[in-house]
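Reminder that position 268 of the sequence shown reads as 890 in the working numbering, one-by-one numbering, no gaps.
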Amino acid sequence: MGKPKIFVIYYSTYGHVQTLAQAVMNGLLKGGQVDVEMYQITETLPADVLEKMHAADKQNIPEITADKLPEADGFVFGFPTRFGTAPAQVKTFFDSTGKLWSEGALAGKPVGLFFSTASQHGGQEATAFTFMPHFAHHGMIYVPLGYASDKMSDNATPMGGSPWGSGTIAGVTGELQPSVNELDIAEIQGERFASVAAKLAVSKPAAPKPGDGQTHAAPGPAPASADAPSSDAAAAAAAQPQPDASAKQRGGRMGKLVAKFKHLFSSS
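See the structure below:
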C-alpha cells in the first residue's frame, strides 16, 4: 500500500497564507509518512479590484478543481478570515462540491485548517467554527492542532493560531509577515496531521482485488435419505406459522406487569 496523499489547498490575498501553507507542507513531508501536493483556490475578484486592494501577485501554483479532490486521502485548507468566516472565494469553491457530497466521495477523509487575520482577535477560531458545517456535511474528520507546541502558550508577542489550527496575524495593512513561532507551529501542525492521516490509512480495510481468493462451486442438492420428508411435506411444514419466542417473552412480561398493578390497586 502506498503512502496517503495529502492536498494542501489555500487561498491567499497578500501572501501570508501562502507562506503558512509552505510551512504546513514542510511539516507534512518531514516524517516521510505521506505524499503532498499543493494547490490554490481560484480567484473570483476582477483584476481591477485586486489592483485597488494592492493584492499580491498569485504564485505559480496549480488551481484546485472539485473533481480532483477524490484523488487525495486528506486535506489541509488555509485561508484568511472575512468577518469571522471564510472568504467568498473559498465558499464558491465548496459550492462546487455538490456532486462529491451526493456520492460521499470525501466521507471519512481527515481535514485540517490554518488561518490569517489582521488582528489578534480577528476571528481565527470563529472562522473554524463557521466553516465546520462544510466538513460535517461531507462526513469528513476534522483533525485539530491541539496544543501541540509549547510556543502556543507564549504570550510575549501577539501570535496567530489556536487549538483549531495554526495561524498568523498579518496586520491591518498586511504589513506583518508570519513570525518564526507561527511558522514553527504551522510545521508542527503538518507533522501531526501526517501522523493522523497515516494511521487512518493503515486502519482502512484494503479493497478486494479482482481474482483474489478461491472460487468455490455452488453446493449441489443434498442426497436424498429414506428418512427425510418429501419436498411436499417439508413445504407444508414450512408454511405453518412458527411460535415467536420474543412474543412469548413479551406476553410473560405483560402478564407480570398486569398482576403487579392488580395487586397495587387491590391493596389500596
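Glycine residues also receive a C-beta, built at the ideal position from the N, C-alpha and C atoms.
Quick check on residue i: buried or exposed, where buried means 16 or more other Cβ atoms within 10 Å of its Cβ?
| i | result |
| --- | --- |
| Ala846 | For Ala846, the predicted structure reports a pLDDT of 47, less than 50, and the residue's modelled location is therefore unreliable. A value from the coordinates is still provided. That one is exposed. |
| Gly787 | buried |
| Lys731 | buried |
| Ser634 | buried |
| Asp695 | buried |
| Gly720 | exposed |
| His743 | exposed |
| Gln746 | buried |
| Gly783 | buried |
| Tyr636 | buried |
| Gln681 | exposed |
| Gly649 | buried |
| Gly812 | buried |
| Glu797 | exposed |
| Tyr632 | buried |
| Ala669 | exposed |
| Met660 | buried |
| Pro851 | Caution applies to Pro851, whose pLDDT of 49 falls short of 50 and renders its modelled position unreliable; the model cannot decide the point. |
| Ser741 | exposed |
| Met647 | buried |
| Pro626 | buried |
| Pro755 | exposed |
| Pro692 | exposed |
| Pro800 | buried |
By the DSSP assignment, the beta strand (DSSP E) with residue i in it spans what residues?
| i | result |
| --- | --- |
| Gly649 | Careful: Gly649 lies outside any beta strand (DSSP E), inside the alpha helix (DSSP H) at His638 to Lys652. |
| Lys627 | Lys627 to Tyr632 |
| Val698 | Gly696 to Pro702 |
| Thr790 | Gly789 to Ile791 |
Following the continuous alpha helix (DSSP H) through residue i, name the residue where it begins and the one where it ends.
| i | result |
| --- | --- |
| Phe815 | Val802 to Ser825 |
| Glu659 | Note, Glu659: premise wrong, no alpha helix (DSSP H); beta strand (DSSP E) at Asp657 to Gln662. |
| Lys674 | Ala669 to Lys674 |
Rounded C-beta distance between residue i and residue j? I'm assuming under 8 Å.
| i | j | result |
| --- | --- | --- |
| Ser891 | Thr790 | Residue coverage of the chain in this structure runs from 623 to 890, which leaves residue 891 outside it and unanswerable. |
| Leu735 | Ala750 | 6 Å |
| Val630 | Ile663 | That pair is no contact at about 11 Å. |
| Ala715 | Val733 | The sequence shown places Phe at residue 715, rather than the Ala named in the question. About 14 Å separates the two Cβ atoms, so there is no contact after all. |
| Ala645 | Ala808 | 4 Å |
| Ala688 | Ser724 | About 12 Å separates the two Cβ atoms, so there is no contact after all. |
| Val818 | Val765 | 5 Å |
| Pro785 | Leu805 | Contact flag wrong, Cβ pair sits at about 18 Å. |
| Ala816 | Ile628 | 7 Å |
Using only the heavy atoms of the ligand COA, determine whether one of them is closer than 6 Å to the beta carbon of residue i.
| i | result |
| --- | --- |
| Gly696 | This structure does not include the ligand COA; it has no bound ligands of any sort. |
Three or more C-beta pairs below 8 Å linking the segment 650–661 and the segment 761–781: no
- prompt: Mind pulling the beta strand (DSSP E) runs of 3 or more residues that sit fully within the segment 716–778?
  reply: 732–739
query: Counting pairs of Cβ atoms below 8 Å between the segment 707–724 and the segment 638–648, do you hit three or more?
result: no
- prompt: So, do the segment 672–679 and the segment 692–703 have three or more beta carbon pairs nearer to each other than 8 Å?
  reply: no
- request: Decide if the segment 790–800 is in contact with the segment 750–767; the criterion is three or more beta carbon pairs, one per stretch, under 8 Å apart.
  value: no
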